[in-house]
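Trainee:
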Amino acid sequence: MKPQLPEIPASRTWRDIAQPVRPGAMSRGGRWRLALALTRTAAVGALLGAVGWGVWTVTSAVSSEPRAVPAAAKAVAMRPPELRTDRDGVLDAEWLGRTLALPKGVTLMELNLDRLRARLLADLQVRTATLTRQFPDRLQVKITERSPMARLRAEVGGEQRDLLVARDGAAYFGTGYDAAGLATLPWIDGVALAREGLGFRITADVEPLARLLADAQFAAPHLYREWHSVSLSRLAADRAMEVTMKSGVVVAFSAQGGYFLQLAYLDYFASRIADLPFPSPRIDLTLGRDVPIAIQPAPSVGVRLRAPQTGTALLYSVLSPSHSSLPSKREL
Amino acid sequence: MSYKTTLIGAVEIGTSKITALIGEHAGRELAIIGRGECRSRGVIKGAVVDFKAASEATHAALEQAEREAGEKIDVVFLAQTGGHLEGFYNEAAVTVKAADNMIEPGDVRTVSDLAKLRDLPFGRTVVHNIRRPFRVDGRVIPGSPVNLVGQRLEVGYWTVHGQEQRLADNMNVIRGFNLEVRELVLSSLAAGHMVTTAEDRQHGVLAIDIGAGTTDFALYRHGCAHTTGVLPVGGSHLTNDLSIGLRLTEPQAEKLKLRYGRATVQTKDKTQKVWLDGTFAIGDRQFSQQAIEQIVSARIWETLEVVRQKLGAAFSPETCAAGVVLTGGTAKLPGLTEVAAQVFGVPAHLGEPPVHVAENLRDPGCSTALGLLYYGITAQADRAFPTRRDGGFLSGLKRLFTHA
């Protein structure tokens, strides 16, 4: 504990003497220096103030409602938004105008870009969207779109509606596509849907289906063209997908193996059973080289064929010349 | 390792001339980059009597120094002298608190505060509190006594105080150039720091700075300043004595002093004459060389005797082994060291600044301004408990703007 010091007031030191600035008591040089110092201080203060004001204004404009933006920015009327899509995009300016639904006379600074972006992404055909203010009067919208790989039919609002299915499982109504092109896509069934935005999302993993369809389109387009629908009802339980061809033939693909080999088997057996007198046979490609083929309508009657021992190169030797567009062994 | 470079000014407002120096301080190195000198006006015996004239002269010296340095300064160390400065000694003792008698920082603070506690008359302001060595049970401790063992801790302070108005006048001259006075340093301490070495101060030395209007002295013992003082007598009094004694104008007397002045009487022949101008023109007169030397010598003897009397018991040849060191413009007077040696009974010599000081700054008249820079920087670095100004951040901000 510090001992009590005697009650004597502390002496004044020279540091307690005020050092005031009195321009009247200054020489010309001193006044000039004072003016320079004041100017410098004022300039620094003004600079700091301007920076602070600018930061405050921008922060307010970004974070608050559009009415907080300066009146000067509100005065410029906006031109129609500019749409930029990727190479395969089919959406157009009309769709953009309809989707954004901007009020008439709105100005650029009044737009809430986050809200508009959410509005665009609600349409699942749009995968990404970037909105940029291009001062003074233009809104630029850059989007990338999903590509459909299949179709499905669902009951929406009490009526049957056709949806397009993208590779990531998004199911959307689709705008701007060529109808003839869409007619070549196979149907999907045996899936459950969940609401998302203005569309749906398939709850199952559709990645195996996407790979099967892509491989079929690439390696065996003549077979793919004959596919009517693909059922994913056995996907979760058996890791199998059933393709129904337009001829009524049902083909079960394994979701675990390579699709190129299964497609090669299918190509081989399809040509072999074409001459059989039984309609709608069922070909099971899920068992590897053993390919059971069930013949309808007598389920008890069946044949069991075996794939050639010499490998895939031989498979294509039985194909007709018109199928020469199939990939070679090396490509497989 | 790189240090931040700071620019510091030193100003000595003397009676005959005003000196301004600008130093560039980085780490432990100090380089003098600018020097300005101007004939003093409006200053008598170290005190400002004509504010406007003194301001103009001081600002002219500062402008010259800034021009030579090519830099602008914001703060200065200001030398302080004048007959109004006085000093007293006060000491205190405490019993060491700890049970094992080991001295703690708290004991040191307490005894220091007690030793500095002494009320000053109205209008007086402390300029310096110069601490003398601590004593632990009678033992002199040159450094810090913390962690030493003892029962009784003593310390004394030599407090220098002056009239607040006189100090404010000097500071306002500097403020008139929009500069802040960072340190106020006694001229005697500044000059003494410059012309004595640490060894001299340890062995005991008396530094006497004889200027034009005042004579400042500082006695060092045990490595630190023991006693300081100022006499309002200087070289201008020699001129004045010659002027009265020989019936001359002041410029004429000054001329004679510089040419023929001498601290000791060497001329035996009373008839030996010297010419005032040496031009033999109308008005040129002859004066007795012996008379000039007698007048100058008498004043010098008297001045040094008064210094000795003011030191009193503090000075003794035994405790002043390094002798007397003379500096200041009047120290160039021939024979001064002999007189000092006779008066004080110890060897005396003319003070020399350290060898690293440039040739143009080695004049004894520059030692105070030079010492200001060195002493001020050392004092700032050594200040264990920096003086805290009132208020916090906001007050600092306010000061920034008001000083601008």
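Chains as they are written, first to last, in the working numbering: chain A, 22 to 353; chain B, 313 to 716.
Ideal Cβ positions, reconstructed from N, Cα and C, are used throughout, including at glycine.
1. Find the residues of chain B that neighbour A/Ile-38, judging by a C-beta separation of less than 8 Å, and give them in chain order.
2. For A/Ile-209, does the count of other Cβ atoms within 10 angstroms reach 16, so buried, or fall short, so exposed?
3. What are the residues in the region 368-387 of chain B lying within 7 Å of chain A by C-beta distance?
4. Using the rule of at least 16 other Cβ atoms within 10 Å of the residue's Cβ for burial, across every protein chain shown, is B/Ala-381 buried or exposed?
5. At 7 Å on the CB atoms, spell out the chain B contacts of A/Thr-370, in chain order.
6. Let me confirm a value: A/Gly-332 is counted as buried when at least 16 other C-beta atoms fall within 10 Å, else exposed. Which label applies?
7. What residues in its chain sit with their C-beta under 6 Å from that of A/Thr-153, if we drop five residues either side in the sequence?
8. Per DSSP, what are the beta-bridge partners of B/Gln-475 in this structure?
9. Note down the Cα distance separating A/Thr-62 from A/Val-42, rounded to an integer number of angstroms.
10. For B/Cys-350, I'd like the list of residues in its chain whose CB is within less than 6 Å of its CB, leaving aside the five on either flank, ordered along the chain.
11. Mind checking A/Arg-172: buried by the 16 CB within 10 Å criterion, or exposed?
12. Run the CB neighbour count on A/Asp-113, radius 10 Å, all protein chains shown included, and call it buried at 16 or more, exposed below.
13. Taking Cβ positions only, does A/Ala-71 come closer than 8 Å to chain B?
14. Would you mind stating whether B/Gly-535 and B/Pro-659 have Cβ atoms separated by less than 8 Å?
15. List the residues of chain A that B/Val-497 touches, going by C-beta distances under 8 Å, in chain order.
16. What three-state label does DSSP hand B/Val-406 in the structure shown?
17. Hey, how far is the Cα of A/Ala-261 from the Cα of A/Pro-242?
18. For B/Cys-678, does the three-state DSSP call read helix, strand or coil?
19. Assign B/Ile-325 to one of three DSSP states: helix, strand, or coil.
20. Determine the contact status of A/Val-147 and A/Glu-166, defining contact as a CB-CB distance below 8 Å.
21. Can you pull the DSSP bridge partners for B/Val-360?
22. Which runs of the alpha helix (DSSP H), 4 residues or longer, sit entirely within the region 536-605 of chain B?
23. Pick helix, strand or coil for A/Gln-155, following the three-state DSSP scheme.
24. Confirm, please, whether the CB-CB distance from A/Glu-247 to A/Ser-268 is below 8 Å.
25. Would you say A/Pro-41 reaches chain B, if we count a Cβ-Cβ gap shorter than 8 Å as a contact?
26. Indicate whether the contact test is met: 3 or more Cβ pairs, each with one atom in the region 543-552 of chain B and one in the region 615-631 of chain B, closer than 8 Å.
27. A/Val-111 and A/Tyr-193: beta carbons closer than 8 Å?
28. Go ahead and label B/Thr-639 buried or exposed: buried means 16 or more other beta carbons lie within 10 angstroms of its beta carbon, across all protein chains shown.
29. For B/Val-360, which residues of its own chain have a beta-carbon under 8 Å away from its beta-carbon, when the five flanking residues on both sides are left out?
30. Anything in chain A within Cβ reach of B/Asn-402, meaning under 9 Å, just list it in chain order.
31. Over what stretch of residues does the alpha helix (DSSP H) that includes A/Ile-38 continue unbroken?
32. How about A/Ala-67: is its C-beta nearer than 8 Å to some C-beta of chain B?
33. Got a sec? Which residues, its chain only, sit under 8 Å from B/Thr-317 by beta carbon, not counting five neighbours each side?
34. Tell me whether the beta-carbon of A/Met-99 lies closer than 8 Å to the beta-carbon of A/Leu-129.
35. At which residues does the beta strand (DSSP E) containing A/Pro-169 begin and terminate?
36. Are there 16 or more other CB atoms within 10 angstroms of the CB of B/Ser-424, so buried, or fewer, so exposed?
Mentor: Let me lay it out:
1. Thr-437, Glu-476, Leu-479, Ala-480, Met-483
2. buried
3. Glu-368, His-371, Glu-375
4. buried
5. Here chain A covers residues 22 to 353 and nothing more, so residue 370 of chain A does not appear.
6. The pLDDT assigned to A/Gly-332 is 31, lower than 50, so where the model puts this residue is not dependable; a value taken from the coordinates is nonetheless given after this. Exposed: under 16 other Cβ atoms inside 10 Å.
7. Gln-161
8. B/Arg-436
9. 15 Å
10. Ile-330, Ala-369, Ala-372, Ala-373
11. buried
12. exposed
13. no
14. no
15. Those within 8 Å of B/Val-497 in chain A number zero; the least Cβ separation is about 10 Å.
16. strand
17. 21 Å
18. helix
19. strand
20. yes
21. B/Val-355
22. 547-558, 562-572
23. strand
24. yes
25. yes
26. yes
27. no
28. buried
29. Ile-325, Gly-354, Ala-366, Arg-478, Asp-481, Asn-482, Val-485
30. Those do not exist, as B/Asn-402 stays about 11 Å from chain A at its closest Cβ, beyond 9 Å.
31. First-last for A/Ile-38: undefined, no H or E at that position.
32. no
33. Glu-336, His-337, Ala-338
34. yes
35. 169-177
36. buried
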